[in-house]
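Visitor: When we follow this note's numbering, the leftmost residue of the sequence shown carries the number 123, and every step to the right adds one. Backbone N, C-alpha and C define an ideal beta-carbon position, used for all residues, glycine too.
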Amino acid sequence: MKAVILVAGKGTRLQPLTDNTPKPMLSVAGRPLLEWMILRVKEAGIHEMLLVTNYLEDQVKEYFKDGSAHGVKISYKTQKETLGTANAFYQAKDFVEDSEFMALYGD
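(1) May I ask which residues mark the beginning and end of the alpha helix (DSSP H) holding Lys215?
(2) Using 8 Å as the cut-off, can you tell me whether the segment 141-158 makes contact with the segment 196-211, which would need three or more C-beta pairs spanning the two stretches below that distance?
(3) Look at Phe217 and Ser197 and say whether their C-beta atoms are less than 8 Å apart.
(4) Is it buried or exposed for Gly193, if we count other Cβ within 10 angstroms and need 16 for buried?
(5) Can you tell which of Ser221, Asn176, Tyr185, Asp220 has the C-alpha that lies nearest to the C-alpha of Lys199?
What follows is the structure in structure tokens.
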């Protein structure tokens, strides 16, 4: 099984906190919210993940890189335009192929 985590949104309801930081990278108990999520997904036995990114995606990619520091494999797909949840999952079609996957919002 694989995991697809959507982390493309701007988090406008949390502005000004999200003016310079993507919502999934906001710190909760000393770690980015997304890191807590990745660790829980790993505990569930899923080690291959795709992060669908957009807003300030370089911060996410720089922090998590390929996932090896967290014991997982992370791939990235940029949602060029934020066109909603269905489009974000459509971006993941090549990653999931015909396999089962867990779908998560990164916030």
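Guide: Taking the geometry as given:
(1) 215-218
(2) no
(3) yes
(4) Exposed is the label assigned to Gly193, since fewer than 16 other Cβ atoms lie within 10 Å of its Cβ.
(5) Asn176
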